[in-house]
Structure formats: structure tokens, C-alpha cells
DNA sequence: CGATCCGTTGAGGTGCGTCAACGGGAGTGG
DNA sequence: CCACTCCCGTTGACGCACCTCAACGGATCG
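Chains as they are written, first to last, in my numbering: chain A, 203 to 405; chain B, 203 to 405.
Rendered as C-alpha cells:
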């Protein structure tokens, strides 16, 4: 496996690939944060996901990338050719099970996001988002409370189907309600996790 | 394969399973239409997909069903135990490739739906929906124009993140604009398919 | 120390939701 | 055969959650 991969370091803002390009590489993120997004002709943007250390990129893809990918922070990653991976598939049947499991996991996440975008209020979306960041940080063994928020308000808005201003206002309201607090723009403390979970679930 | 499946006929409104139930069965729809949906505690509903003849149900699932499933029309389907399917996986490695391909296809669809729900207007959502119905009917070898619309306005709204009323009004506007026409509530003619595609794409 | 980017806040607008009414078709029972 | 009811789709009036536009302060950087 080591024979076919190479590591890279990218600075924040670097575009790994654009939607529609041929899907030649697969990546494994080792540090930092990457956002995936789709664009409409007039510039409207939908962020479809954020990736953190340990996440794979390009695996569950068809021939072309179905989204663009851009580094949110400085990142380090491992990169290898998709053709090499497909060669490995024949040698290691177990690998296919892993891929299927990962695709299923992504599907579950995608459907939660569909519920969020279709039916949740701004407050519920923000609460869900903060909890997701915290849970994923914990799973990576990082600090989960307060949780690091590497992306901008604008990125958050494009992920949650909201505007920058609504994200900012909703965070302010949660802060005034004593549910969360913020020592800086990019760090959120979950002061009332239970309340946050109730809000996120739609109670 | 035939040894482990059984066929069934269900009437419109029949609930196959609810979100959270153990995922014991896998289905293949042979006729009719099924809707998949998630609920919030206060009753808000998000339809995550519609299934038609040829579609599988429960395949790309984890241990529990992650959505509820209800027959939209009378349906006929083949049903078999998930454990039986997993037994087949060891015998037929090809099957795993098929499953992975189907999961990938569902992921592509899910991300298109995320873009729709996050960033498209009501008009764009409806246009996208009509085109999707027509394209899928064509792929099944059914009449694609006018296209059959088996689900209610309410179901369409819950799929597109809109209300019944907005769906109805938007259809009326498209009709008045000469883009579509309707000989009945459940049948839509795509009079200006190009215009519809421009609207759906966000131009 | 100007320029730029980001986050916040306010004022005002709007697209879609809410509430209500109505008509038509299907099923039901007298 | 005809009320009667129920469900569905449509339309109108109105409200509101979120968007738009604008201003401003702080941080970063050349």
C-alpha cells in the first residue's frame, strides 16, 4: 500500500479538484479540514460535507468527481491513483466490504442532511451542526468541548442552506440563551449539551 | 435465488416498516410506487425518496432501517431475508460490486437532493422533480411525456421541502407560463422540456 | 497604516408558510 | 339515485422566518 501513495501539504484555500473533473485520485486526510461543494450557474453554493483527519475523499465516487473540494485550513494528506486502488480490490476482497460500509455510512449522513435541509429551522440546523462537530472531534480523539470550528460563517451557511448573517444571528441567540458560549469566533463551548440535543432533534 | 424470495401485493397506504426497526428484509419493487421518509417529533416529514418498478429497498442499509417506507400506490414486490442475501455475498463476489455501485448511485442522487434542498427555489425544485420523474419513467420504458405522477401534492412537498400549497401554486405558474400542461392532477406534460431543464439547472 | 477579510448587528424586503375557504371526485349508506 | 362525508387540489389573504443590503469593528497582512 505504501508503495503507491504520496503525501502532500496544502495551504488553506487550495482547490484539490472541481466538480466534473475525471476522478483520478483518492485522498486520505491526515490533518486539517476540507470542504466539498456544488455550485449553481449563478454562484449559489451548497457545501455537501466537511472532511477531517482520517476521512477519505474520492472513494465513493463515480468516474467524475461529483463535487469540488477545497482546503478549509492548511491540510496534510495521502494521495494515490484510483487505478491503483482498483488493482488492490482484486487482491483484497475484504477491501470491497470496507468500501461498501463507508458508502453506507455516507448515505446515512446524507439522509440526515436531507432531513435537516428540508424540514429543520435555522436554530435546529445550527444546533445539529455544533453537535456534529463535537461528536466527530471526540471520535478523532480531539477536544470536543469547547469544539474547534475551522470553517467560516459563510461555509457553515452554505452547508446548512442559510446565509452568513442568519448563522451569525442564530449563534448569538444560542449564546444569549446560555446554550453555548464562545471564547473566540472559531471555538464553541457546548454549555448545555442536553438542551442543544433537544433543539437539534426538533423538540 | 428464487428459492429464498417470495412475492407480495400491497395496497396504497400500507407501511412496509418504520424508521428504527431492525432491517430484516430486502425488497425489489416490481410495480407501483413507494415513498421513503423520516419524521421529526412534532410531525414534520421529509420524504427522502420515491421508488418505482425495478428499484431495490433496504439494500444499502445498516442494521436498522434509517427511514420509514409506505406504499404510495398499490404495489407488487419481491421480498427476501437480509441474512439470506448476506449468505449469497460469500458465494458470489460479483454481487458485492453491484451493491457498491448501487450505493454510489444513491449517493450521487442524495447529493443532488442536498443541493436542491439547500439552494434551489420552489420553481427550480418543481422543475427538477418533473424532469426526474420523466427521466426515470423513460429508463423503465414507460411513457415519459406526459409523465405519470402517482404521489400527492403533499408527498411532493415533503420530498422537496415545500408545502402542498406552494407545490400547487408553482405548478399553476409553470402551467400559465406554457412550460407544462396537465390533463389531470396526476399526469404532467412537459411542453417545453428545454425551458424546464434551464429552470431546473438554475439558469 | 491602508486594504482586505471576517463576524456581527440593524433595517427593511420577500418567498414561502399558515390559515381559511371552496370545488370536484370517490366512497358510503340511506 | 341521491345526500353525505372525506380527501385532494387550488386559490386567496396574511404573517413570518429568513434573505438582502448596509454599516461597522476587529484581525491580519503587505
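Glycine included, C-beta positions come from ideal geometry on N, C-alpha and C.
Just so it is clear, the structure is predicted and the values come from calculations on it, not from any experiment.
| Query | Result |
| --- | --- |
| Is the CB of residue 217 of chain A under 7 Å away from at least one CB in chain B? | no |
| Determine which residues of the segment 313-346 of chain A have a Cβ less than 7 Å from any Cβ of chain B, and write them out in chain order. | 313, 315, 316, 317, 319, 320 and 321 |
| Cβ closer than 8 Å: which chain B residues qualify as neighbours of residue 363 of chain A? | 319, 320 and 321 |
| With distances taken from CA atoms, which of A:217, A:364, A:244 and A:220 is nearest residue 316 of chain B? | A:364 |
| Which of the three DSSP states is assigned to residue 405 of chain A in this structure? | coil |
| In chain A, which residues lie with their C-beta within 7 Å of the C-beta of residue 268 of chain B? | 310 and 313 |
| Select from A:268, A:404, A:394 and A:259 the residue whose C-alpha is nearest the C-alpha of residue 314 of chain A. | A:404 |
| Taking Cβ positions only, does residue 298 of chain B come closer than 7 Å to chain A? | yes |
| Here's the rule: buried if 16 or more other CB atoms are within 10 angstroms of the residue's CB, otherwise exposed. What is residue 249 of chain B? | buried |
| So which residues on chain A does residue 405 of chain B lean against when the C-beta distance must stay under 7 Å? | 243 |
| Is the CB of residue 366 of chain A under 7 Å away from at least one CB in chain B? | no |
| DSSP three-state label for residue 364 of chain A, please. | coil |
| By the criterion of Cβ-Cβ separation under 7 Å, what are the contact partners of residue 383 of chain B in chain A? | Going along chain A, no residue has its Cβ under 7 Å from residue 383 of chain B, so there is no contact; the nearest lies around 27 Å. |
| Between the beta-carbon of residue 234 of chain B and the beta-carbon of residue 285 of chain B, is there less than 7 Å? | no |
| So, helix, strand or coil for residue 384 of chain B, using DSSP? | strand |
| Taking the straight line between their C-alpha atoms, what separation do you get for residue 339 of chain B and residue 346 of chain B? | 5 Å |
| For a contact meaning CB atoms closer than 8 Å, what does residue 248 of chain B contact in chain A? | 316, 317, 320 and 321 |
| Going along the segment 270-302 of chain A in order, which residues come within less than 8 Å of chain B, judged by CB to CB distance? | 295, 298, 299, 301 and 302 |
| Would you kindly work out how many angstroms separate the C-alpha atoms of residue 280 of chain A and residue 257 of chain A, rounded to a whole number? | 11 Å |
| Would you grab the beta carbon distance between residue 231 of chain A and residue 259 of chain A for me? Rounded to a whole angstrom, and I think it's under 8 Å. | 7 Å |
| Skipping 5 residues on each side, what residues in its chain have a beta carbon closer than 6 Å to that of residue 209 of chain B? | 280 |
| Roughly how many angstroms separate the alpha carbons of residue 351 of chain A and residue 358 of chain B, rounded to a whole number? | 36 Å |
| Can you tell me whether residue 330 of chain B is buried or exposed? The criterion is at least 16 other CB atoms within 10 Å of its CB, across all chains shown. | buried |
| Can you name the start and end residues of the beta strand (DSSP E) that residue 253 of chain A belongs to? | 247-253 |
| Who are the Cβ neighbours of residue 310 of chain A in its own chain at under 6 Å, not counting the five residues just before and after it? | none |
| Any beta carbon from chain A within less than 7 Å of residue 306 of chain B's own beta carbon? | yes |
| Among A:324, A:327, A:369 and A:312, which one has its Cα closest to the Cα of residue 262 of chain A? | A:312 |
| Would you call residue 306 of chain A buried or exposed, if buried means 16 or more other Cβ atoms sit within 10 Å of its Cβ? | buried |
| Can you confirm whether the segment 295-304 of chain A touches the segment 294-306 of chain B when touching is taken to mean that 3 or more C-beta pairs between the two stretches lie within less than 8 Å? | yes |
| Let me make sure I understand the geometry here. Which of B:273, B:226 and B:241 has the alpha-carbon closest to that of residue 353 of chain B? | B:273 |
| Look at the alpha carbon of residue 294 of chain A and the alpha carbon of residue 227 of chain A, and state the distance between them as a whole number of angstroms. | 19 Å |
| At a CB-CB cut-off below 8 Å, which residues of chain A make contact with residue 237 of chain B? | Near residue 237 of chain B there are no residues of chain A at all, since even the closest Cβ is about 13 Å away, more than 8 Å. |
| Where do the N-terminal and C-terminal ends of the beta strand (DSSP E) with residue 389 of chain A fall, by residue? | 389-392 |
| In three-state terms, what does DSSP make of residue 356 of chain B? | helix |
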